[in-house]
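Q: Input: one structure, supplied below.
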Amino acid sequence: MLDLLIKSGLVMDGTGNQGYPAAVGVEGETVRILRRDVSSVQAAKTIDATGMVVCPGFIDMHAHSGLMALHQPRHEPKVRQGVTTELIGVDGISYAPLPTPEDFDSLLLLNAGLDGSPPLPRRWSTVAEYLSLFDDRVACNFAYLIGNSALRISTMGWDDRRPTGEELETMRSLVRQGMEEGAFGISTGLTYPPGGYADTSELVELSREVARLGGIYVTHVRYTLGDQFLDPYREAIEIGRQSGVAVHISHLHNPRPGGARRLLALVDDALLEGLDVTYDSYSYPYSSSRMEAVLPDWAHDGGPDRLLELMRSPEGRRRMAESLTVRAPSWDAVLVTNFSRPHNQRWDGKSLAAIAEGLGKSIIDTLCDLLLEEEMRLSYVILGGNPLNIREFFRHPAHMVGSDALLFGDHVNPRSYGCFPLVLGDFVREEQVLELAQAIRKMTSFPAQRLGLHDRGILRDGMKADIVVFDPRTVRANATLAEPCRYPDGIEYVVVNGKTVVEKGQHTGRLPGRALRYSAGGR
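Take the sequence shown: its letter number 79 is residue 70 in my numbering, and every next letter is one higher.
Next comes the structure, spelled out in C-alpha cells:
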C-alpha cells in the first residue's frame, strides 16, 4: 500500500519537459510514477489533482531562514509558496563555525535586522551541531553555506586587515571541516563587514579549497567596486577563473534601463570561456536588508562593540554622517520596518525621511537612536529593481529563483510571502515571460543540480518525495508592498520528505524537514 497517491494531475517533472498525465505515488520518502490505471491502487491517503499541476518542491536559492525557522518551525511564509528546500548561510553571514559565545552573540546583534534575533533552542559552535537542530524539527529542508564573515571572525576577529598566511590556512581548514560536516560551499557578502573586508586574493584562496571538494561559491558581490555596475560581477567571475570554483551570483538585479543586457553579457562571456557561472534573482522589484547596512564600512572596523561606541558618540555620528550613502533615490524611499518598542511602532513601514521629520532629528541621529533603541533589529525595504530587467534576468538559461526573504515584522518585503507564486501567476500565466515547464525547472531541478542534490528536484522513480500540487489557473501571489504578509492562492498541497505539510492551502503542522548534508563523493 502506498502512503500517498496523487492522481489525475498533470505531472511536470522539473526537467523542463512538457507535462504528461500520470499519478504520483509516495512510499515512505520515495516517489513512484504510475502511468497506468490506478483505480485499484491502494493508498493510505489519496489526493485528486484533476486540473492541477504536480511538480517537484521548489528550491529557494537565497533564504534568510537560518534562525527564524528554528523559532517558527512551521515556516508558513515559505512552505505555503511551495518551497520544500532552502539555501541558507547566504550573503557571507552564517552562524557556524563560531567557536566563542561572545562572537556568536556579536554576530546575532549585528545581523538582527536581516536574519532576526529570535529565541534559540541552544548555542552551537560547529557546522555539525548547527545542522543537527533542523532534523525533523522544521517544515522544510535546508542546505547550508559557510559565510566568509564567520570564517574571518573565527580566525582573525572583526578587524579590517588582510589575514596572515597562518590565518588564511586556518580559514581553509575551517572550510574543509565545515564541508565535511555538511556545508555545500561558502558564501560572501562583500558589502557586509567583516566579510566585506576580504580582498579578491583571499577569496580566491578560500575558493580553491571549495573547488577541491567540489563545492560552490555563492556571492553577494562587492557593489562599491570600480564602476559600481559591471566591476563587482567581474570580480566574482575572476574568482571563479582563478580558483576553478563553481560561481553562483546572488540576487542579480540592476535598476538601470538596459542594465540586464549588459550584466547578462558578462555571464554569457564567462560561459563561452568555459567557466561555471549561474545566478538567482527574485520576482518582486523591492530590495531589503538590515537597516544598519547603510552605515559606512569603516565604522564596523573592530566589531559591533566599536560600532555601538560610534553610534553613541556625537563625534562618531558626525563622522558617519559625512560618508553616509542612501541606497535609494532618497531617504523618502527607504521604508523602515520591524519596530518592536511600543513607542516606536507608529513608525513601522514609514520612510526614514518621514520618521526623521516626525522626530525632529537629522537622518544620522534618527538612524543611530532607533537602531540603539531597537537593539539593531531594524530592516528596510526600497524599490531596488527594474521590472523590465527582472524579466530579462528570468529569461536567461543561467537563472534560478531566490527569494532573499526576511521573515519577521509586519512590513516585510512582499517577496517573503509571494516570490514563487508571482512567477507562476504573473510571469507565466499572465505575461508569458516564461513557459510553465521552464519556470518549474528554474525552481526545481536546476537548483538541485547546482547544489548537487541528486535525489531531489525531479519527479522520477526513486527520488525523494518533495512535491507541490498547484492550480495553474488560479495560482497567484497576494503579497503587496501595502499588504506584504498575505499567503498566495492556488498552492494546494506541499509534500516534504513524503509527509503532507500543506493540505488544501493550509498548514498541517507536520515538521518533516531536515538539514541536507553535502557529500563530496556524491556531487
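For glycine and all other residues, C-beta sits at the position ideal for the given N, C-alpha and C. If you're wondering where the values come from, they're calculated on a predicted model, not measured in any experiment.
(1) Between which two residues does the alpha helix (DSSP H) holding ALA389 run?
(2) Tell me which residues share the same chain as GLY293 and place their Cβ nearer than 7 angstroms to its Cβ, disregarding the 5 neighbours each side in the sequence.
(3) Would VAL45 and GLY16 qualify as a contact pair, given that the criterion is a beta-carbon distance under 8 angstroms?
(4) Which full runs of the beta strand (DSSP E) of 3+ residues lie inside the region 34 to 104, going along the chain?
(5) Output the distance between the C-alpha atoms of VAL146 and PRO412, rounded to the nearest integer angstrom.
(6) Which runs of the beta strand (DSSP E) spanning at least 3 residues fall entirely within the region 336 to 374, listed in chain order?
(7) According to DSSP, which residues form a beta bridge with GLN497?
(8) Rounding to the nearest angstrom, what Cα-Cα distance links SER234 and SER140 in this structure?
(9) Do you know whose CA, among GLU313, VAL118, ASP288 and LEU299, lies nearest LEU507's CA?
(10) Suppose the cutoff is 6 angstroms on Cβ atoms and the five residues either side in sequence are ignored; what does the same chain contact list for GLY19 look like?
(11) Does the separation of the CB atoms of GLY180 and ASP82 fall below 8 angstroms?
(12) May I ask which residues mark the beginning and end of the alpha helix (DSSP H) holding ASP288?
(13) Residue ranges of each beta strand (DSSP E) run of no fewer than 3 residues wholly in the region 101 to 181, ordered along the chain?
(14) Restricting to runs no shorter than 4 residues, where is the alpha helix (DSSP H) found entirely within the region 391 to 434?
(15) Report the three-state DSSP secondary structure of TYR484 (helix, strand or coil).
(16) Between TYR214 and the rest of its own chain, which residues show a CB-CB distance below 8 angstroms, the 5 nearest in sequence each way excluded?
(17) For LEU502, count neighbouring C-beta atoms within 10 Å of its own C-beta (all shown protein chains included) and say buried if the count is 16 or more, exposed if not.
(18) What are the start and end residues of the alpha helix (DSSP H) that includes ASP259?
(19) Would GLU365 and ASN335 be called neighbours here (beta carbons separated by less than 8 angstroms)?
(20) Between the alpha carbons of GLY112 and ASP218, how many angstroms are there, rounded?
(21) In terms of DSSP beta bridges, what is THR269 paired with?
(22) Measure the C-alpha to C-alpha separation of GLY250 and SER407 and round it to an integer number of angstroms.
(23) Apart from the five residues on each side of it in sequence, which residues of its chain come closer than 6 angstroms, Cβ to Cβ, to ALA312?
(24) Taking the beta strand (DSSP E) that GLY231 falls in, what are its first and last residues?
(25) Less than 8 angstroms separating the beta-carbons of GLY138 and GLY205?
(26) Grouping DSSP H, G and I as helix and E and B as strand, with all else coil, what is TYR188?
(27) Taking the C-alpha atoms as reference points, what is the distance between ARG114 and VAL236?
(28) Grouping DSSP H, G and I as helix and E and B as strand, with all else coil, what is SER31?
(29) Using a threshold of 8 angstroms, state whether the C-beta atoms of VAL29 and LEU(-4) are closer than that.
(30) Looking at VAL325: is its Cβ nearer than 8 angstroms to the Cβ of ALA319?
(31) Determine which residues share a DSSP beta bridge with VAL2 and list them.
(32) How far does the beta strand (DSSP E) with SER280 in it extend, from its first residue to its last?
(33) Tell me VAL459's beta-bridge partners as DSSP assigns them.
(34) Starting from LEU(-7), trace the alpha helix (DSSP H) in both directions and tell me its first and last residue.
(35) From GLY409 to GLU158, what distance separates their C-alpha atoms?
(36) Nearest to LEU442 by alpha carbon, out of HIS291, HIS66, ILE79 and VAL317?
A: Checking against the coordinates, here is how it stands:
(1) Counting along the chain, ALA389 falls outside any alpha helix (DSSP H), and DSSP gives it neither H nor E.
(2) TRP149 and ASP150
(3) no
(4) 37 to 39, 44 to 47, 49 to 51 and 74 to 79
(5) Just to set this straight, residue 146 is Thr in the shown sequence, not Val. Cα to Cα, the separation comes out at about 41 angstroms.
(6) 370 to 374
(7) GLU494
(8) 19 angstroms
(9) VAL118
(10) GLY489
(11) yes
(12) Looking at the DSSP string, ASP288 is not in any alpha helix (DSSP H), and its letter there is neither H nor E.
(13) 132 to 135 and 176 to 180
(14) 406 to 413 and 427 to 434
(15) strand
(16) LEU181, THR182 and PRO223
(17) buried
(18) 250 to 264
(19) yes
(20) As written in the sequence, residue 112 is Pro, which differs from the Gly given in the question. C-alpha separation (whole angstroms): 44 angstroms.
(21) HIS239
(22) 25 angstroms
(23) ILE355
(24) Unbroken run through GLY231 is the alpha helix (DSSP H), 222 to 234; no beta strand (DSSP E).
(25) no
(26) helix
(27) 32 angstroms
(28) coil
(29) yes
(30) yes
(31) TYR11 and VAL45
(32) 277 to 281
(33) CYS46 and VAL485
(34) No alpha helix (DSSP H) holds LEU(-7); DSSP gives it neither H nor E.
(35) 42 angstroms
(36) ILE79
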